[in-house]
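*Asks:*
Residue numbers (the numbering used here): 5 to 170.
1. Take the Cβ of residue 131 as the centre, count every other Cβ of all protein chains shown within 10 Å, and call the residue buried at 16 or more, exposed below.
2. I need the straight-line Cα distance from residue 70 to residue 23, nearest angstrom please.
3. Select from 56, 68, 93 and 107 the residue whose C-alpha is nearest the C-alpha of residue 77.
4. Any idea if residue 37 is buried or exposed, counting beta-carbon neighbours within 10 angstroms, 16 or more meaning buried?
5. Does the region 111 to 129 come close enough to the region 137 to 157 to have 3 or more Cβ pairs within less than 8 Å?
6. According to DSSP, is residue 171 part of a helix, a strand, or is it coil?
7. On the criterion of 16 or more Cβ atoms from any shown chain inside 10 Å, does residue 52 qualify as buried, or is it exposed?
8. Give the single residue among 62, 160 and 54 whose Cα lies nearest to the Cα of residue 84.
9. Could you compute how far the alpha carbon of residue 61 sits from the alpha carbon of residue 121?
10. Would you mind sorting residue 145 into buried or exposed? The rule is 16 or more other CB atoms within 10 Å of its CB.
11. What does a CB cutoff of less than 7 Å around residue 104 pick up in its chain, not counting 5 residues either side in sequence?
12. Suppose the cutoff is 8 Å on Cβ atoms and the five residues either side in sequence are ignored; what does the same chain contact list for residue 119 look like?
13. Is the beta carbon of residue 160 less than 9 Å from the beta carbon of residue 113?
14. Over what stretch of residues does the beta strand (DSSP E) that includes residue 148 continue unbroken?
15. Pull up the distance between the alpha-carbon of residue 91 and that of residue 80, whole angstroms please.
16. Distance check for residue 140 and residue 99, CA to CA, integer angstroms please.
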């Protein structure tokens with residue numbers, strides 16, 4: 005019986021193949037850099053500061069006058085504002101992207117269509133921002149925080165209202 009050996013990698017890899025693999029890796033990584041980051045893409049200043057400018061829908065328990073005109077800020081692991089705060093206590097951010105039609109067709113975001121929030125034709129990013137907190141009692145989540153490519157607005161669904169931030 006002869007020895008049989010299976011290898012996932014060829015014994016010799018041509019220089020062209022190495023270049024192709026490198027190009028594929030770079031193409032994949034460059035695609036990641038076009039995400040709509042809330043900390044950097046929205047303002048020229050080193051961190052982002054969003055002002056709550058208006059709302060549509062119903063506020064159930066909050067008073068709009070306590071929210072409109074206030075700010076929400078993000079900077080690296082720190083955040084402070086009318087909706088959410090995290091003082092370098094394990095903040096993380098993630099997002100999902102949608103086409104405008106996918107976003108409006110998602111039951112979770114149906115209020116955006118019902119209240120006729122104006123979206124452009126570019127990608128919609130739904131951010132989930134979490135803060136682990138210093139202990140288990142002060143964990144927080146800001147979701148959904150919605151942004152779009154080629155827009156200087158963000159939206160936050162809070163209670164039965166969608167607040168616009170600029």
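We treat Cβ as the ideally placed atom computed from N, Cα and C, and that holds for glycine. Since the model is a prediction, treat every value here as computed from it, not as a measurement.
*Replies:* This is what the structure holds:
1. With 16 or more other Cβ atoms inside 10 Å of its own Cβ, residue 131 counts as buried.
2. Distance between the alpha carbons of residue 70 and residue 23: 57 Å.
3. If we check each option's Cα against that of residue 77, 56 comes out closest.
4. Note that residue 37 has pLDDT 44, beneath the 50 cutoff, so the model's placement of it is unreliable and no number is given.
5. Here the region 111 to 129 makes contact with the region 137 to 157; the two share three or more CB pairs at distances below 8 Å.
6. Residue 171 is absent from the structure shown; the chain starts at 5 and stops at 170.
7. Residue 52 is buried by the Cβ-count criterion.
8. Each of 62, 160 and 54 was checked against the Cα of residue 84, and the nearest Cα belongs to 54.
9. Those two C-alpha atoms are separated by around 10 Å.
10. Around the beta carbon of residue 145, fewer than 16 other beta carbons sit within 10 angstroms, so the residue counts as exposed.
11. Taking C-beta separations shorter than 7 Å and ignoring five residues to either side along the sequence, the partners of residue 104 in its chain run 123, 125 and 128, following chain order.
12. So the list reads 60, 61 and 166, once near-sequence residues are dropped.
13. Taking 9 Å as the cut-off, the beta carbon of residue 160 is found no closer than this to the beta carbon of residue 113.
14. Unbroken beta strand (DSSP E) run through residue 148: 144 to 152.
15. Taking the straight line from one Cα to the other gives about 10 Å.
16. A straight-line Cα-Cα distance of about 24 Å links residue 99 and residue 140.
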